[in-house]
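Participant: In my numbering, the protein residues as written are 48 to 441. Cβ atoms here follow ideal geometry from the backbone N, Cα and C, with glycine treated the same way. Model, not experiment: these values are computed from the prediction. Mind having a look at this structure? Questions to follow.
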Amino acid sequence: VLSASAAAEPLPAAQQAAIKGFVDADAKAMNDTAFKIWQWAEVGYQETRSSELLQARLKAAGFTIDKGVAGMPTAFVARYRRGSGGPVIGLIAEFDALPGLAQNAVAEHSPIAGQAAGHACGHNVFGAASVSAAIATRQWMDANGVNGELRLYGSPAEEGGSGKVYLVRAGLFNDVDTVLHWHPGDSNGAGQARSLANISGKFRFKGVSAHASAAPWRGLSALDGVEVMNHAVNMLREHVPDGTRIHYVITDGGKAPNVVPDFAESYYYVRHVDPQVVKDVMARVQKTADGAAMATGTSVSFETTGGVYSMLPNATLAAVADRNLRSVEWQVFTPAEQAFAANIRKSLTTNKPLESATQVEPMKIGENGGGSTDVADISWIVPTVGLGTAVWVP
């Protein structure tokens, strides 16, 4: 965590006003983009139309596009270079949806028939607004003779796919000076929390099928293997470092009760703020799987599906982001928006004041957060800063 004393001086008021003008001029295109991506709701690594739409907007604004970077067809890097020298600044754009959360644009629960995924985490807004920010920044660079390179990273599959890990591994941030990101939320703030590192993976047990009534002794239940493993992990919880999170689901437990299942699968996450603790605990979880296989006469294999580091906060960049966030003139909800919010709030267990969406939270550095993000891997190699803005009901 770096010192906040080196924070740069704020931009002149005229330049701040000009940037606001650039953003406002692009607002309709930004909103249209966000809504299209919301309707398409493409899950990680399958965001073909969403990625192409963002690329098209950037190309029309004078950016050069590298498609399919780091071996991911929907990933891209958009670049704008002005002059020689100057810093290289990276912006992050996400656009993947979540499976199973298709929802109509109404205040009550209303699934979309025939649609498998939805944007419950706001990545449709994330990608659209980051592209709008890149276009506005490019206009500001040109208007004020600012040299440097601006890059926007089209980052697929944040939701469980760890897409940015592949961007990092491919060296695409090696020459970048600073990376900025943001995320939709129900409050405004530039506080920098430490996210949780995680490793996720699937344990697949294989046994021998048999008729569960006529000849159960001939079977070796793969589901027994999963259940013994789950019990062993639940006993393990007492003996792991504080702050460790272990959670799982059984993704395949067989097809019929009267058949001993010869295949079963469980899906595990291990999280902690310290990446080394995550590695150590996951190794112990894997031993429970080996023991369960031995106890049930089955075999087990493990496939790592993802893994990310914890976020490294940067107090210097946080101070800059916080100061600029506080210079924004926040819009008050319209009467129609207030009515919509009131309907949504009927289903919430907690309700912060609606006007909190027009305020900026106190800046806190280094607190432990509850979630995980692949942006964290970037923060271990490049000074990185993020902020949150209120785009839904507090």
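Residues in its own chain within less than 7 Å of Ala336 by CB, not counting five upstream and five downstream?
Facilitator: Residue 336 sits at position 289 when you count from the first residue of the sequence shown. Taken in chain order, the residues that qualify are Phe250, Met276, Val347 and Phe349.
Participant: What residues match up with Val306 in a beta bridge as DSSP calls it?
Facilitator: For the purposes of this step, residue 306 is taken as residue 259 along the sequence shown, with counting starting at 1. DSSP output for Val306 lists His258 as bridge partner(s).
Participant: Does the distance from the CB of Ala81 to the CB of Ala176 come in under 9 Å?
Facilitator: As a working mapping, residue 81 is identified with position 34 in the sequence shown. As a working mapping, residue 176 is identified with position 129 in the sequence shown. Result yes, Cβ atoms of Ala81 and Ala176 sit closer than 9 Å.
Participant: Let me make sure I understand the geometry here. Which of Glu206, Gln239 and Lys334 has the alpha-carbon closest to that of Val273?
Facilitator: Counting from one through the sequence shown, the residue named residue 273 turns up at place 226. Answer by Cα proximity: Lys334.
Participant: Tell me the DSSP secondary structure of Gly354 in three-state form.
Facilitator: Here the question's residue 354 lines up with position 307 in the sequence shown. If DSSP states are grouped into helix, strand and coil, Gly354 belongs with the strands.
Participant: If you reduce the DSSP assignment to three classes, tell me which class Trp229 lands in.
Facilitator: For the purposes of this step, residue 229 is taken as the residue at position 182 of the sequence shown. Three-state result, Trp229: strand.
Participant: Any idea what DSSP makes of Val70, helix, strand or coil?
Facilitator: Working through the sequence shown from its first residue, we reach residue 70 at position 23. Residue state, collapsed to three classes: helix.
Participant: With a threshold of 16 other CB atoms inside 10 Å of the CB of Glu75, please say whether the residue is buried or exposed.
Facilitator: Sequence index remark: in the sequence shown, residue 75 carries index 28 (1-based). Sequence inspection shows Lys at residue 75; the Glu mentioned does not correspond to that position. Label assigned to Lys75: exposed.
Participant: If I follow the unbroken beta strand (DSSP E) through Val296, where does it start and stop?
Facilitator: Here residue 296 refers to the residue found at position 249 when the sequence shown is read from its first residue. Taken as a continuous stretch (DSSP letters only), the beta strand (DSSP E) holding Val296 covers Arg292 to Asp299.
Participant: Decide yes or no for the touch test of the region 393-403 against the region 323-333: beta carbon pairs closer than 8 Å, at least 3 of them.
Facilitator: Cβ pair count under 8 Å is below three, so no.
Participant: Only counting the same chain, and skipping five residues up and downstream in sequence, which positions put a Cβ closer than 6 Å to that of Ala437?
Facilitator: As a position in the sequence shown, residue 437 is number 390, starting the count at 1. Excluding positions up to five away in sequence, the list reads Asp233, Ser234, Asn235 and Ala404.
Participant: Just curious, the alpha helix (DSSP H) that Phe173 is in, first and last residue?
Facilitator: For the purposes of this step, residue 173 is taken as the residue at position 126 of the sequence shown. From DSSP, the alpha helix (DSSP H) with Phe173 extends over His170 to Asn191.
Participant: Out of Gly161, Thr184, His294 and Thr352, which has the shortest C-alpha to C-alpha gap to Val212?
Facilitator: The residue given as residue 212 occupies position 165 in the sequence shown. Among Gly161, Thr184, His294 and Thr352, the Cα nearest to that of Val212 is on Thr352.
Participant: Please list the terminal residues of the continuous beta strand (DSSP E) segment that includes Lys249.
Facilitator: On the sequence shown, residue 249 is found 202 positions in, with the first residue counted as 1. First-last of the beta strand (DSSP E) with Lys249: Ala244 to Lys253.
Participant: Would you say the region 265-272 touches the region 297-312, given that touching needs at least three Cβ pairs under 8 Å?
Facilitator: Contact between the region 265-272 and the region 297-312 is present, because at least three Cβ pairs lie under 8 Å.
Participant: Going by other Cβ atoms of all chains shown within 10 Å of its Cβ, with 16 needed for buried, is Thr95 buried or exposed?
Facilitator: Your numbering for residue 95 matches position 48 in the sequence shown. So Thr95 ends up on the exposed side.
Participant: Give me, in chain order, the residues of the same chain whose beta-carbon lies closer than 7 Å to that of Lys253; leave out the 5 immediate sequence neighbours on both sides.
Facilitator: Translated into the one-based positions of the sequence shown, residue 253 becomes position 206. Cβ within range, chain order: Ala269, Asp309, Phe310, Thr345 and Ser346.
Participant: Answer with buried or exposed for Gln102, where buried requires no fewer than 16 other C-beta atoms within 10 angstroms of its C-beta.
Facilitator: For the purposes of this step, residue 102 is identified with residue 55 of the sequence shown, where counting begins at 1. The residue is buried, with at least 16 neighbouring Cβ atoms inside 10 Å.
Participant: Going by DSSP, what residues sit across from Ile136 in a beta bridge?
Facilitator: As a position in the sequence shown, residue 136 is number 89, starting the count at 1. Leu197 and Thr225.
Participant: Assign His278 to one of three DSSP states: helix, strand, or coil.
Facilitator: Here residue 278 corresponds to residue number 231 of the sequence shown, with the count starting at 1. Three-state result, His278: helix.
Participant: Which first and last residues belong to the beta strand (DSSP E) in which Ala365 is found?
Facilitator: The sequence position of residue 365 within the sequence shown is 318, counting from 1. Not the beta strand (DSSP E): Ala365 falls in the alpha helix (DSSP H), residues Ala362 to Arg373.
Participant: Could you check the C-alpha separation between Glu312 and Gly300 for me, to the nearest Å?
Facilitator: Here residue 312 corresponds to residue number 265 of the sequence shown, with the count starting at 1. Here residue 300 corresponds to residue number 253 of the sequence shown, with the count starting at 1. So the two alpha carbons sit approximately 7 Å from each other.
Participant: Considering only the beta carbon of each residue, do Val226 and Gly137 sit closer than 9 Å?
Facilitator: Here residue 226 corresponds to residue number 179 of the sequence shown, with the count starting at 1. Here residue 137 corresponds to residue number 90 of the sequence shown, with the count starting at 1. Yes, Cβ-Cβ distance for Val226 and Gly137 is below 9 Å.
Participant: Tell me the rounded alpha-carbon separation between Val223 and Phe110.
Facilitator: Within the sequence shown, the letter at position 176 stands for residue 223. Within the sequence shown, the letter at position 63 stands for residue 110. Approximately 17 Å, taken between the alpha carbons.
Participant: Given a cut-off of 9 Å on the beta-carbon distance, is the pair Leu100 and Ile84 in contact?
Facilitator: For the purposes of this step, residue 100 is taken as the residue at position 53 of the sequence shown. For the purposes of this step, residue 84 is taken as the residue at position 37 of the sequence shown. For Leu100 and Ile84, yes; Cβs fall inside 9 Å.
Participant: DSSP puts Val90 in a beta bridge; with which residues?
Facilitator: Indexing the sequence shown from 1 puts residue 90 at position 43. DSSP output for Val90 lists Ala144 as bridge partner(s).
Participant: Just the Cα atoms here: how many angstroms apart are Leu219 and Thr184?
Facilitator: In the sequence shown, the residue the question calls residue 219 occupies position 172. In the sequence shown, the residue the question calls residue 184 occupies position 137. Computed Cα separation, rounded: 21 Å.
Participant: Considering only the alpha carbon of each residue, which of Ile412, Tyr127 and Gly169 lies closest to Ala140?
Facilitator: The residue given as residue 140 occupies position 93 in the sequence shown. The residue with the shortest Cα to Cα distance from Ala140 is Gly169.
Participant: Quick one: Cα of Gln93 to Cα of Gln62, how far?
Facilitator: As a first step, residue 93 is located in the sequence shown; it is residue number 46 there, counting from the start. As a first step, residue 62 is located in the sequence shown; it is residue number 15 there, counting from the start. Roughly 39 Å between the two C-alpha positions.
Participant: Tell me the DSSP bridge mates of Asp442?
Facilitator: Because the chain in this structure spans residues 48 to 441, residue 442 falls outside the shown range and cannot be described.
Participant: Can you tell me whether Leu49 is helix, strand or coil according to DSSP?
Facilitator: The residue labelled residue 49 in the question sits at position 2 within the sequence shown. At Leu49 the pLDDT is 38, less than 50, meaning the model places this residue with poor confidence and gives no usable figure here.
Participant: Using the beta-carbon count (16 or more within 10 Å), is His166 buried or exposed?
Facilitator: Residue mapping note: residue 166 aligns to position 119 of the sequence shown, counting from 1. Buried, by the Cβ-count rule.
Participant: Can you give the Cα-Cα distance for Glu285 and Met358, rounded to whole angstroms?
Facilitator: Against the sequence shown, residue 285 aligns to sequence position 238. Against the sequence shown, residue 358 aligns to sequence position 311. When rounded, the distance between both Cα atoms is 26 Å.
Participant: Can you give me the Cβ contacts of Pro400 inside the same chain, cut-off strictly under 8 Å, excluding the 5 residues immediately before and after it?
Facilitator: Residue 400 sits at position 353 when you count from the first residue of the sequence shown. Around Pro400: Pro441.
Participant: What are the start and end residues of the alpha helix (DSSP H) that includes Asn398?
Facilitator: On the sequence shown, position 351 is the one that residue 398 refers to. Careful: Asn398 lies outside any alpha helix (DSSP H) and carries neither H nor E.
Participant: Identify the continuous alpha helix (DSSP H) that holds Ile159 and give its terminal residues.
Facilitator: If you number the sequence shown from 1, residue 159 lands on position 112. No alpha helix (DSSP H) contains Ile159, which DSSP labels as neither H nor E.
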